[in-house]
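In the numbering used here, the protein residues as written are 0 to 207.
Even glycine gets a Cβ: it sits at the ideal position worked out from N, Cα and C.
Right, dumping it as structure tokens:
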């Protein structure tokens with residue numbers, strides 16, 4: 000416990016803020032476990048109703064009770080270990096199987112593609128890139144803009160006008176690599192020039 004001006008503040012290993020469960024190490028392990036548990040709970044209920052629903056109605060239920068949970072504040076999960084992201088991917092895979100009545104051991108990738116669902120890892124990257132585009136174009140809070148630096152070579156190079164960002168050096172990749180100031184430029188620089196040069200947000204989304 001902490002004591003401040005005669006008041007005792009009880010510490011906690013986890014706390015929920017705006018629907019996101021934060022832990023002392025910002026590992027998001029507890030948050031992902033909660034999302035996974037809740038997602039499977041709702042999927043089991045949807046599966047019980049699946050035979051009475053059209054695929055369109057079933058997909059609406061999946062989006063309402065599962066997809067929005069996978070996408071909510073998912074930019075925070077960038078750089079999390081693959082073992083944690085895979086837990087969320089299992090929820091998405093299960094949702095696709097319930098929706099399409101796919102058998103347990105059938106290959107899931109073609110089904111996700113046919114549903115036009117990005118895998119969880121790419122949904123996280125997509126959200127980060129959207130936030131980066133908004134930040135660079137004055138559509139996001141200014142404090143985020145201060146975390147990004149446009150690349151400006153010391154001498155005239157072809158890359159000078161390519162819209163690249165400076166990727167700051169980090170001491171520990173396991174921690175600093177997840178910061179927006181590092182992960183955003185790294186993802187942004189991996190995009191083709193045509194995407195980085197998009198004139199509007201809708202154009203950027205289409206080119207992703």
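Contact between the region 48-62 and the region 5-18: three or more CB pairs below 8 Å? no
Taking the alpha carbon of residue 14 as the point to measure from, which residue in 0, 30, 35 and 1 has its own alpha carbon closest? Here residue 14 is taken as the residue at index 15 of the chain shown, counted from 1. Nearest of 0, 30, 35 and 1 to residue 14, Cα basis: 30.
Selection from 170, 188, 144 and 69 that minimises the alpha carbon distance to residue 164: The residue labelled residue 164 in the question sits at position 165 within the chain shown. Residue 188 is the option with its Cα nearest to residue 164.
Look at the Cβ atom of residue 128, then the Cβ atom of residue 118, and state whether they are nearer than 9 Å. Stepping through the chain shown from its first residue, residue 128 is reached at position 129. Stepping through the chain shown from its first residue, residue 118 is reached at position 119. Cβ distance not < 9 Å, so residue 128 and residue 118 don't count as in contact.
Which stretch, first to last residue, makes up the alpha helix (DSSP H) that contains residue 192? For this step, residue 192 is matched to residue 193 along the chain shown. Residue 192 -> alpha helix (DSSP H) spans 192-195.
Going by the CB atoms, is the gap between residue 191 and residue 147 shorter than 9 Å? Looking up residue 147 in the chain shown gives position 148. Looking up residue 191 in the chain shown gives position 192. Their beta carbons are not under 9 Å apart, which means residue 147 does not touch residue 191 by this criterion.
Name the DSSP beta bridge partners of residue 6, please? To locate residue 6, count along the chain shown from 1; it is residue 7. According to DSSP, which records beta bridges pairwise, residue 6 is partnered with 3.
My assumption, with CB atoms under 8 Å, is that residue 77 sits in contact with residue 177. Please give the rounded CB distance. Position 78 of the chain shown, counted from the start, is the residue given in the question as residue 77. Position 178 of the chain shown, counted from the start, is the residue given in the question as residue 177. So it is a contact: roughly 6 Å between Cβ atoms.
Neighbourhood of residue 75 by C-beta distance below 7 Å, restricted to the same chain and skipping five residues each side: Along the chain shown, one-based indexing puts residue 75 at 76. These residues qualify, in order along the chain: 19 and 27.
Report yes if the CB atom of residue 98 is closer than 9 Å to the CB atom of residue 57, and no otherwise. Here residue 98 corresponds to residue number 99 of the chain shown, with the count starting at 1. Here residue 57 corresponds to residue number 58 of the chain shown, with the count starting at 1. Yes, they are a contact pair.
The beta strand (DSSP E) with residue 20 in it runs from where to where? The residue you call residue 20 lines up with position 21 of the chain shown. Where residue 20 is concerned, the enclosing beta strand (DSSP E) stretches over 19-22.
In the DSSP assignment, the alpha helix (DSSP H) including residue 126 goes from what residue to what residue? Taking the chain shown and counting its residues from 1, the one referred to as residue 126 is at position 127. Note, residue 126: alpha helix (DSSP H), 119-135.
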